[in-house]
Amino acid sequence: MTADWKVEPDDATFEQQVVEQSFKTPVLVDFWAAWCAPCRMLGPILEKVVEARAGKVILAKVDTEAAPKAAGSFRVQSIPAVYLLDRGEVVDGFQGMIPESQLANWLDERLDRLSLLRVADLEVADPAATRAAYEAWLEQHPLDPTAVLGLIRLDQEAGDLESAKARLAQLEDRGFLEPEAEQAKARLQLAAYASQDIDALDRQAGNEPDNLAVQLQWAQARCARGEYALAMDRCLKIIESNLPSEEGQAAKSLMLETFQVWSDEQAVNQYRQKLSLLLF
Numbered sequence: 001m002t003a004d005w006k007v008e009p010d011d012a013t014f015e016q017q018v019v020e021q022s023f024k025t026p027v028l029v030d031f032w033a034a035w036c037a038p039c040r041m042l043g044p045i046l047e048k049v050v051e052a053r054a055g056k057v058i059l060a061k062v063d064t065e066a067a068p069k070a071a072g073s074f075r076v077q078s079i080p081a082v083y084l085l086d087r088g089e090v091v092d093g094f095q096g097m098i099p100e101s102q103l104a105n106w107l108d109e110r111l112d113r114l115s116l117l118r119v120a121d122l123e124v125a126d127p128a129a130t131r132a133a134y135e136a137w138l139e140q141h142p143l144d145p146t147a148v149l150g151l152i153r154l155d156q157e158a159g160d161l162e163s164a165k166a167r168l169a170q171l172e173d174r175g176f177l178e179p180e181a182e183q184a185k186a187r188l189q190l191a192a193y194a195s196q197d198i199d200a201l202d203r204q205a206g207n208e209p210d211n212l213a214v215q216l217q218w219a220q221a222r223c224a225r226g227e228y229a230l231a232m233d234r235c236l237k238i239i240e241s242n243l244p245s246e247e248g249q250a251a252k253s254l255m256l257e258t259f260q261v262w263s264d265e266q267a268v269n270q271y272r273q274k275l276s277l278l279l280f
């Protein structure tokens with residue numbers, strides 16, 4: 001009888017026992033064969049390490065003779081080949097024999113990272129617990145961008161923009177920002193425009209169509225409310241009217257910030273093209 005922390009899939013059961021299971025619990029996949037001496041040496045070590053972490057990870061022992069299609073899908077060229085799967089994606093892997101201590105450290109580091117990523121799923125349902133998890137992680141891993149960005153999202157959701165900006169500044173002090181951090185920076189900038197009185201701006205913008213400062217404020221307020229297309233159209237008009245002006249440059253910056261956070265890739269590409277035509 002196979003232990004609850006170990007499965008032995010073939011091609012027929014690989015999708016269910018490995019890929020689908022990885023959406024619930026990370027799966028460590030061991031591609032091996034009975035004729036492979038290093039496989040026979042690594043196998044007991046894998047089982048010992050995974051059993052000690054039962055509940056956190058599942059070991060899938062995949063005999064390449066019984067599951068050639070599965071091995072082919074992973075492009076396995078030599079064995080033993082070990083891969084860690086989470087949510088259907090390969091997180092990391094290695095080939096060949098490694099000592100137990102090295103394997104344990106390798107696996108713990110990646111499981112800890114995966115547990116942190118899964119915490120993000122609870123940000124809406126349980127923000128307090130999520131915040132505590134991020135803060136605990138940062139005590140051991142100062143300035144870890146995943147945790148810092150998680151706290152920035154929580155701060156922004158709670159309306160604490162100053163705290164969110166301070167956390168972002170800590171990441172900027174490193175001299176670079178990850179793409180996710182650049183997106184967070186853009187979101188914070190757009191959120192700062194939310195305090196503007198949209199009704200008053202509607203009236204003023206309608207009464208003063210040639211006042212570029214007012215038109216820019218209107219576009220900023222629309223961006224803060226997620227009305228990106230309306231805002232981008234107005235920005236294009238400002239840029240077309242007077243690109244060298246302070247308002248024209250600010251409108252260009254607003255468009256670039258919006259492109260960072262707008263999830264409609266097709267719309268972003270269309271507005272990028274329109275902006276490029278005006279700039280070049």
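Position one of the sequence shown corresponds to residue 1 (our numbering), numbered consecutively onward.
Every residue gets a Cβ at the ideal spot worked out from N, C-alpha and C, and that includes glycine.
Note that the structure is predicted; figures quoted are calculated from it, not measured.
Looking at residue i: is its Cβ nearer than 9 Å to the Cβ of residue j?
i: A224; j: A191; result: yes
i: V29; j: V62; result: yes
i: G96; j: P142; result: no
i: L277; j: E247; result: no
i: L59; j: V27; result: yes
i: L171; j: V148; result: yes
i: L201; j: W218; result: yes
i: D155; j: R174; result: no
i: L85; j: V19; result: yes
i: K252; j: L275; result: yes
i: R53; j: L107; result: yes
i: V57; j: L111; result: yes
i: E162; j: P127; result: no
i: A33; j: E65; result: yes
i: G159; j: T130; result: no
i: L279; j: I239; result: yes
Can you name the residues that DSSP bridges to residue i?
i: G72; result: Bridge partners of G72: none, in fact.
i: K282; result: Because the chain is modelled from 1 through 280, residue 282 falls outside the range shown and cannot be assessed.
i: L28; result: L59, L84
To the nearest angstrom, report how far apart residue i and residue j are at their CA atoms.
i: A12; j: G55; result: 24 Å
i: A164; j: K6; result: 43 Å
i: I198; j: V124; result: 27 Å
i: A133; j: S115; result: 10 Å
i: T258; j: Y228; result: 7 Å
i: A3; j: E47; result: 10 Å
i: Y271; j: T146; result: 30 Å
i: R118; j: K69; result: 30 Å
i: S22; j: D144; result: 25 Å
i: K24; j: R87; result: 7 Å
i: E208; j: Q249; result: 20 Å
i: Q204; j: R222; result: 14 Å
i: A181; j: S73; result: 33 Å
i: L236; j: A136; result: 45 Å
i: Q102; j: D92; result: 14 Å
i: Q189; j: M232; result: 16 Å
i: F31; j: R153; result: 39 Å
i: V214; j: N269; result: 26 Å
i: V261; j: S241; result: 26 Å
i: E196; j: Q273; result: Inspection of the sequence shows that residue 196 is occupied by Gln rather than by Glu. Their backbone Cα atoms lie some 29 Å apart in a straight line.
i: A120; j: G206; result: 42 Å
i: R113; j: L42; result: 24 Å
i: L177; j: E109; result: 23 Å
Between the Cα of residue i and those of the options, spot the shortest distance and give me the residue it belongs to.
i: Q220; options: A158, M255, I45; result: M255
i: I79; options: I45, V57, R40; result: R40
i: P44; options: S241, D160, P99; result: P99
i: A15; options: A67, A34, A169, L177; result: With the sequence shown as reference, residue 15 is identified as Glu, and Ala is not the correct amino acid for it. Answer by Cα proximity: A67.
i: R327; options: S245, I239, S263, A120; result: The structure shown does not extend to residue 327, since the chain is modelled only from 1 to 280, so the question has no answer here.
i: A81; options: C36, N105, R113, Q196; result: C36
i: N211; options: Y193, R234, Q196, S195; result: R234
i: L193; options: A267, G226, A104, Q17; result: It should be pointed out that residue 193 corresponds to Tyr in this sequence rather than to Leu. Taking only the C-alpha atoms, the option nearest Y193 is G226.
i: A71; options: P179, D10, Q17; result: D10
Less than 9 Å between CB atoms is the rule here; does residue i satisfy it with respect to chain E?
i: M41; result: The chain inventory of the structure shown lacks chain E, comprising one protein chain alone.
Beta strand (DSSP E) runs contained entirely in the segment 48 to 94, provided each spans 3 or more residues:
58 to 63, 81 to 86
Complete runs of the alpha helix (DSSP H) confined to the segment 136 to 206 [at least 4 residues]:
145 to 157, 161 to 172, 179 to 191
Unbroken stretches of the alpha helix (DSSP H), 4 residues or longer, contained in the segment 206 to 259:
212 to 224, 228 to 242
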